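> Numbering (this note's numbering), first residue to last: 2 to 66.
Backbone N, C-alpha and C fix where the C-beta goes; we use that ideal spot for every residue, glycine too.
What you are looking at is a predicted structure, and each value in this text was computed from that prediction instead of being measured.
Okay, here's the structure, questions in a sec.
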């Protein structure tokens, strides 16, 4: 049997992690799929604002926020 073909390189992962760091997005988990897809998972540091009254809730849903 031959060896499996390499689908990703260390430089690909390093480049993705540096881009996330430059965007101020801390990475909490990294996944590399068998096809070479690199997925970075971030914490959502800013929770969605809670509307103070029903009108604001309606307007937020309408505006797609």
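(1) Which residues in the same chain as residue 43 place their Cβ atom closer than 8 angstroms to its Cβ, once the five residues preceding and following it in sequence are excluded?
(2) Checking 9 angstroms against the spacing of the C-beta atoms, do residue 33 and residue 18 come in under that value?
(3) Starting from residue 7, follow its DSSP beta bridges and name the residues at the other end.
(4) Rounded to the nearest angstrom, what separates residue 6 and residue 36 at their Cα positions?
(5) Could you have a look at residue 41 and say whether DSSP puts it in helix, strand or coil?
Looking at the atomic coordinates:
(1) Mapped onto the chain shown, residue 43 falls at position 42. The residues are 21, 26, 27, 28, 29.
(2) Here the question's residue 33 lines up with position 32 in the chain shown. Here the question's residue 18 lines up with position 17 in the chain shown. At a Cβ-Cβ threshold of 9 angstroms, residue 33 and residue 18 do not count as neighbours.
(3) Stepping through the chain shown from its first residue, residue 7 is reached at position 6. None; residue 7 has no bridge partner.
(4) Within the chain shown, numbered from 1, the residue matching residue 6 stands at position 5. Within the chain shown, numbered from 1, the residue matching residue 36 stands at position 35. Cα to Cα, residue 6 sits roughly 10 angstroms from residue 36.
(5) In the chain shown, counting from the first residue as 1, residue 41 sits at position 40. In the structure shown, residue 41 falls within a strand segment according to DSSP collapsed to helix, strand and coil.
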